[in-house]
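Engineer: In my numbering, the protein residues as written are 796 to 912. Got a structure here, written out as structure tokens. Questions coming.
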């Protein structure tokens, strides 16, 4: 049996090539829509895994009403409000998984190309 990654005390440890697809498949993006007449994009994410995930925003855009670090609890949905400064058709959502390590002090960054409604 080949060990691809390990889970210990809510930490994921393994090669980035295995952790990225695991993290990416753990998150479903349900919607991405702008609030009326604003440049604030609401993106609804759902954590379909059995583990809480801790992320940090590493996009060039900031969050409107929350800190750049957030927890997405197992089985729960969360809506991120992203200030994009202009209306976009697609967004490259980039999040660093703060509890997923591919090397000492090296955390995995996952990205999704989000089509905006």
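We put the beta carbon where it would ideally sit given N, CA and C, even for glycine.
Measure the alpha-carbon distance for residue 853 versus residue 881 and round it to whole angstroms.
Structural biologist: Going by the C-alpha atoms only, they are around 18 Å apart.
Engineer: Judging by CA-CA distance, which residue of 877, 844, 879, 870 is the nearest neighbour of residue 819?
Structural biologist: Nearest option by C-alpha distance: 844.
Engineer: Could you say which of 838, 909, 905 lies nearest to residue 830 if we only look at CA atoms?
Structural biologist: Checked all of 838, 909, 905; the closest Cα to residue 830 is 838.
Engineer: Which residues in the same chain have their Cβ closer than 6 Å to the Cβ of residue 886, if we skip the five residues on either side of it in sequence?
Structural biologist: These residues qualify, in order along the chain: 909.
Engineer: Taking residue 823 as the reference, give the member of 861, 807, 842, 835 with the closest Cα.
Structural biologist: The candidate whose alpha carbon is nearest that of residue 823 is 842.
Engineer: Residue range of the alpha helix (DSSP H) that residue 815 falls in?
Structural biologist: Here the alpha helix (DSSP H) through residue 815 covers 811-821.
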